[in-house]
Amino acid sequence: MPSSQALRMAYERELDLVKISPTANPPVCKIMDYSKFKYEQAKKDKENRRNQTVVELKEIRLSMTIDVGDIAVKTKQCLKFLDAGNKIKVSIRMKGRENSRSYQGVKVMENFFEGLDGKAVMDKKPTTEGRNIIMMLSPVKA
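Heads up: the sequence shown begins at -9 in the working numbering, then just goes up one per residue.
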């Protein structure tokens, strides 16, 4: 129908004529209460924002000379972060002579990862970047 006739129909019903897809040939229009539509759309957007989860990046710092008990504490903390759905950056900062033995730090990282019992996925393998060794982990998807 012509747009003038559709506009007249909307005016008689005290509603608005809204173009759904104005680029189509012929344009697709709908007769509705536009303010009510905007209100409902804002409500849906607010609900969607409330339901979305924000993934945080948590950091766990280890050392090259970490002991078994300390690794257990760090592993427990890491599992807490993973259960909350966060990504984890595991790092070791090397000091002095440790720079020449970065392979030991990589070994500590791999032992730490094995202690997580498959509850994490390794996004980035342990790599040496300057004075740091960094590994990225994320939770396993169910």
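In this text, a Cβ means the ideal position worked out from N, Cα and C, and glycines have one as well.
{"Asked": "Proximity to residue 2 [Cα-Cα], best of 9, 77, 23, 92", "Found": "23"}
{"Asked": "Cβ-Cβ distance between residue 63 and residue 125 below 7 Å", "Found": "no"}
{"Asked": "The stretch 91 to 101 / the stretch 28 to 38 touching (three or more Cβ pairs under 8 Å)", "Found": "no"}
{"Asked": "Whole-angstrom C-beta distance between residue 109 and residue 72, which should lie under 8 Å", "Found": "6 Å"}
{"Asked": "Closest by C-alpha distance to residue 27, when choosing among 16, 41, 6, 45", "Found": "6"}
{"Asked": "Min CB distance residue 18 to chain B below 7 Å", "Found": "Absent here is chain B; the protein component of the structure consists of one chain."}
{"Asked": "Burial state of residue 13, where buried means 16 or more other Cβ atoms lie within 10 Å", "Found": "exposed"}
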